[in-house]
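These protein sequence lines are chains L and B, in that order. Under the numbering used here, the final residue of the first sequence carries the number 324; numbering is consecutive throughout. Under the numbering used here, the final residue of the second sequence carries the number 1145; numbering is consecutive throughout. Even glycine gets a Cβ: it sits at the ideal position worked out from N, Cα and C.
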Amino acid sequence: MQELITRAKELLENGTVARVLGWKIGDLPYNPEPAFFETAESLDKFVYNGFCGANLSKYMIEASKLEGKTLVCLKPCDTYSFNQLLTEHRVDRDKAYIIGVGCKGKLDVEKIKKTGIKGIVSISGAEADSACDTLEIDTLYGKKSCAYGDAMLERCHVCKGKEHKIYDELIGESRDTADKERFAEVEMIEAMSPEEKFAFFQKELSKCIRCNACRNVCPACSCRKCVFDSNKFDSAQKANVDSFEEKMFHIIRAFHVAGRCTDCGECSRVCPQGIPLHLFNRKFIKDIDELYGDYTAGAEAGSLAPLTDFKMDDAEPSIVNERG
Amino acid sequence: MSVNNEFKPKIVAFCCNWCSYAGADLAGSSRLAYPADVKIIRVPCSCRVNPMFILRAFEKGADGVIICGCHPGDCHYSTGNYYARRRMTLLFSMLDYIGVEKGRARVEWVSAAEGVKFADTMNSFVSKIKDLGENVRLGDIRCKN
């Protein structure tokens, strides 16, 4: 992390970049937040550790409109999102100085809390430089520990790989974290009966409070005017226009990002209700891979998304009835 | 007085202006019978059918939705139905994934000369929906329970 800060200060001072986009120490040990740093002094608050799960590529849309270059720290999976935004002409490559930061798997405090650890005061082992396998957690009720793997975000268990797809320089080491089958959950649901499937999704989606966090964090949801924005009030952007949107929100949203979703897993990470929203996106990815050939959104800037393309001999929609 | 309790499905058919709508016209002028449960909505092209239209139709109480367009290769706008085909395939797969019965939504390619096919398609679709019964699931996937 120190290397990252030193390099960021250097680039700020020699004028290569006008600001740094990174993570700032939060008010709790496990909630660093995305932040812009414009001076070398402010970088004292810069932090990069296991809790920096936030994908910063979406902030580059706004940063691309600002004067001067922005130094942005991107993890390997974030570079896919950045590439996708480049493909869609939403970010300006010339306005970004990308430092590819190493990633050893990002942590989910909810998973730590689920193991029964409460009253967290401090956590050690989450630093980006250390290669710890266990987290030592200081709580109000004494010292506790938790395996790093058990506290990892779902998306890190199905990591796409630690290769940065786009960068200007690389800092820090990565560690391979993939230990689960990416489509295992989707296949499990596919194998259910229609009644079970419906019961499962109804149970999950009924938790939704329409906070729109999934939409706001999603790098693929970058439309200036979203279909879910109310056209009656500018201020009430969260207000649902009608009951239809309320009910079908997640299905529509998943469809809108189908073929463009890089499976960065931000939607599931930010959901305050813990809805596994990635299951929708991953289903589309699986279908696209199976029906139209393997495609990874954001692996390559400028690639044609499957839904903006076709082949003469594509499968007919009735294939859905024939598949398992 | 006898009460007719037979299930009358509500069926929405999106028909493209250039082929299927003309096909429906031909079915009519050829005096071919198909159920009155089918409500036709004319669209410029099958590609005009936003997946949201289908979801909205279901939410508003439709029991089945069918999209008819020109045969692949015959689109009035050259390629519209190819895009529609990919979209609908993915959408139907998603509907299946969330537990909606297979067959509630369908895509058929009907040309302007295929009045018979139009009537046959509608007859078979209506009987399929009658077998499936009323659409309750897509009415509200999010009902609090």
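With a threshold of 8 Å between beta carbons, V1107 of chain B makes contact with chain L.
By the Cβ-count criterion, H164 of chain L is buried, with 16 or more other Cβ atoms from all chains shown falling within 10 Å of its own Cβ.
Residue pairing by DSSP places N49 of chain L opposite L:E127 in a beta bridge. Taking every protein chain shown into account, the CB of S1046 of chain B has 16 or more other CB atoms within 10 angstroms, so this residue is buried. Within the segment 95-112 of chain L, not one residue has a Cβ closer than 8 Å to any Cβ of chain B. Residues of chain L whose Cβ lies closer than 9 Å to the Cβ of R1085 of chain B are, in chain order, F310, D314, A315, E316, P317. Taking a Cβ-Cβ threshold of 7 Å, none of the residues of chain L is close to L1132 of chain B; the smallest such distance is about 11 Å. For D1063 of chain B against I1011 of chain B, the beta-carbon gap comes to about 6 Å, under 8 Å, which counts as contact. With 16 or more other Cβ atoms inside 10 Å of its own Cβ, K247 of chain L counts as buried.
DSSP lists no beta-bridge partner residue for P194 of chain L.
Per DSSP, the continuous alpha helix (DSSP H) segment holding F82 of chain L begins and ends at 76-87.
With its beta carbon less than 8 Å from one in chain L, E1101 of chain B belongs to the interface.
The Cβ of D287 of chain L sits closer than 8 Å to at least one Cβ of chain B.
In the structure shown, Y30 of chain L adopts coil according to DSSP, grouped into three states. DSSP links S122 of chain L through a beta bridge to L:D138. Only residues of its own chain outside the window of five on either side were considered, and among them G119, V121 have a CB closer than 7 Å to the CB of L140 of chain L, listed in chain order. Per the Cβ contact rule, the segment 210-222 of chain L is not in contact with the segment 1107-1119 of chain B (fewer than 3 Cβ pairs under 8 Å). Taking a Cβ-Cβ threshold of 8 Å, the residues of chain L close to T1089 of chain B are D287, L291, D314, A315, E316, P317, I319, V320, in chain order. Annotated three-state conformation of E1006 of chain B is coil, per DSSP. Residue contact check for L1055 of chain B against chain L: a CB pair falls below 8 Å. One Cα belongs to G50 of chain L, the other to P1051 of chain B, and the distance between them is close to 39 Å.
Contact residues of the segment 1109-1127 of chain B toward chain L are absent (C-beta to C-beta distance below 8 Å). E185 of chain L sits in a helix when the DSSP states are folded into three classes. Of the candidates B:S1093, B:H1076, B:G1061, B:C1016, the residue whose Cα lies closest to the Cα of E316 of chain L is B:S1093. Sequence-distant Cβ neighbours of V1065 of chain B in its own chain, meaning closer than 6 Å and more than five residues away, are V1012, I1054, A1057, A1105. Scanning chain L for C-beta atoms nearer than 7 Å to the C-beta of S1029 of chain B yields nothing, as the closest lies near 29 Å away.
Close to chain B, meaning a Cβ-Cβ distance shorter than 9 Å, is no residue of the segment 46-76 of chain L at all. By the Cβ rule, the segment 192-204 of chain L counts as touching the segment 1087-1101 of chain B, because three or more pairs are nearer than 8 Å. Within chain B, the C-beta atoms nearer than 8 Å to that of E190 of chain L come from Y1097, in chain order. Using a Cβ-Cβ cut-off of 8 Å, E181 of chain L is close to nothing in chain B; its nearest Cβ partner there is about 18 Å away.
Within chain L, no C-beta atom comes nearer than 8 Å to that of R1048 of chain B; the closest sits roughly 15 Å away. Chain B places a beta carbon closer than 8 Å to that of E195 of chain L, counting this residue as a contact. For V1038 of chain B, the closest C-alpha among the options B:D1131, B:L1132, B:Y1077, B:F1118 is that of B:F1118.
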